[in-house]
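Everything below concerns the one structure shown next.
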DNA sequence: GAACATGCTCGACGAAATGGACAAGACGAT
DNA sequence: ATCGTCTTGTCCATTTCGTCGAGCATGTTC
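Here it is in structure tokens:
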């Protein structure tokens, strides 16, 4: 599905998505039109979901992060799911198997703010919150192989 | 720390990090040299960690995702931390307060593979694994405000 | 082996990024 | 108030880059 050349290109773009076509094509040993065409197809095939920018939340004032496990009360599942989606401080959330129904990540500025955010959930779900101390693995890709 | 213009620029770049300076500057109503200068400073201040590309793991064959909570056995904390870091299928991991010590995300292709990966941890830690069914909140930024 | 598809290179032209010179506004110190 | 000066911006000339069309090599199909 992806050949070696595509993987090399992706590997470079992960590091620097704003690299010029010319430089990129030199690094991988192709002409720029062919690299351009490969990029077009990688986007078309949705291998590349988007070109984006990685912003440090603490630069926006969010110095604290927590991981919240959420178990909705009976009958509250959909309401809780909507509530989570409408809480912008929750920056990612997965619906999972097991006792917990949702596991999400919250960015916040103060403990008071965290308390406010969790209070809104508390009416409709049991929650279990862990404060992030460090991040031993920063976001990365699984092996391209 | 960030003015309105910076936030507008970041908002656009999140959507499309490969937009040309020219188009970006037209959208925000500045000249391209000034936008270029702002980008340079946003990178310098580490507000922008990097320009990157969002790749769909399933395009790489990783059709399954799980969230694993890891509680190292006594004396095993550092060994477990290193083991996690050296497992490339674990694409993010936070060290947290509370009963669980680490919470991480794993991408894998088959249940057999998941089993293999968890077996390696099982010697040194208790684990608790939840398979991701859906992702109600895809990765996004907290409010820029 | 002829016809076609795919994926590449090359070269030219228009488009965009960059760097330098300079202007305008905010702010402090005198 | 006025003079430096720091910041942030514009404008323009030069350099660099992206895109498009044409054409070539390779491999597959009938």
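Protein chains in written order, with the numbering used here: chain G, 6 to 150; chain U, 6 to 150. Heads up, the beta-carbon is just placed ideally off N, CA and C, and yes, glycines get one too. Since this is a predicted model, take the numbers as computed values, not measurements.
* Asked: Is there at least one non-hydrogen atom of the ligand COA closer than 7 Å to the beta-carbon of residue 78 of chain U?
  -> You won't find the ligand COA in this model; it holds no ligand whatsoever.
* **Any C-beta of chain U under 8 Å from that of residue 130 of chain G** => no
* Asked: So, residue 17 of chain U versus residue 35 of chain U, is the Cβ gap smaller than 8 Å?
  -> no
* Asked: residue 52 of chain G versus chain U: which residues are under 9 Å apart at the beta carbon?
  -> Contacts between residue 52 of chain G and chain U, judged by CB atoms closer than 9 Å, involve 60, 61, 64, 65 in chain order.
* Taking just the CA atoms, how far does residue 91 of chain U sit from residue 122 of chain U? -> 11 Å
* Classify residue 65 of chain U as buried or exposed, calling it buried when 16 or more other Cβ atoms lie within 10 Å of its own Cβ. => buried
* Within chain G, partners of residue 72 of chain U - CB distance below 7 Å -> 99, 101, 108
* **Continuous alpha helix (DSSP H) assignments of at least 4 residues falling wholly in the region 72-140 of chain G** => With a minimum length of 4 residues, the continuous alpha helix (DSSP H) runs that stay inside the region 72-140 of chain G are 82-90, 116-127.
* To do: Could you give the DSSP three-state label for residue 52 of chain U: helix, strand or coil?
  => coil
* From residue 130 of chain G to residue 25 of chain G, what does the alpha carbon distance come to, in whole angstroms? -> It is roughly 49 Å from the alpha-carbon of residue 130 of chain G to the alpha-carbon of residue 25 of chain G.
* For residue 32 of chain G, I'd like the list of residues in its chain whose CB is within less than 7 Å of its CB, leaving aside the five on either flank, ordered along the chain. => 17
* Asked: Using a Cβ-Cβ cut-off of 8 Å (strictly less than) and excluding sequence neighbours within five positions of residue 108 of chain G, which residues of its own chain qualify?
  -> 72, 73, 74, 75, 98, 99, 101
* Apply the 10 Å Cβ neighbour rule to residue 105 of chain U and answer buried if 16 or more other Cβ atoms are within range, or exposed otherwise. => buried
* Would you report the Cα separation of residue 115 of chain G and residue 138 of chain G, rounded to the nearest angstrom? -> 15 Å
* Since residue 52 of chain G contacts residue 7 of chain G with CB under 8 Å, what's their CB separation in whole angstroms? -> 7 Å
* To do: Name, please, each residue of chain U whose Cβ falls closer than 7 Å to the Cβ of residue 149 of chain G.
  => 65
* When the Cα atoms are used, what is the spatial distance from residue 50 of chain G to residue 21 of chain U? -> 17 Å
* **C-alpha gap between residue 120 of chain U and residue 70 of chain U, whole angstroms** => 13 Å
* Asked: Taking the Cβ atom as the reference point for each residue, do residue 12 of chain U and residue 146 of chain U lie within a distance shorter than 8 Å?
  -> no
* Opening and closing residue of the alpha helix (DSSP H) in which residue 16 of chain U lies -> 9-20
* Asked: What residue does the alpha helix (DSSP H) around residue 30 of chain U start on, and which one ends it?
  -> Per DSSP, residue 30 of chain U belongs to the alpha helix (DSSP H) from 26-33.
* To do: For residue 14 of chain U, collect the residues of the same chain with a Cβ closer than 8 Å to its Cβ; drop the 5 residues on either side in sequence, then sort them by chain order.
  => 29, 33, 40, 43, 44, 47
* Report the neighbours of residue 21 of chain G on chain U: residues whose CB is nearer than 9 Å to its CB, in chain order. => Within chain U, 55, 56, 57 have C-beta atoms less than 9 Å from the C-beta of residue 21 of chain G, given in sequence order.
* To the nearest angstrom, how far is it from the Cα of residue 61 of chain U to the Cα of residue 125 of chain G? -> The straight-line gap from Cα to Cα measures roughly 32 Å.
* What's the C-alpha gap between residue 94 of chain G and residue 118 of chain G? -> 10 Å
* Asked: Hey, would you say residue 58 of chain U sits closer than 8 Å to residue 56 of chain G, going by beta carbons?
  -> One thing to note: residue 58 of chain U has its Cβ within 8 Å of the Cβ of residue 56 of chain G.
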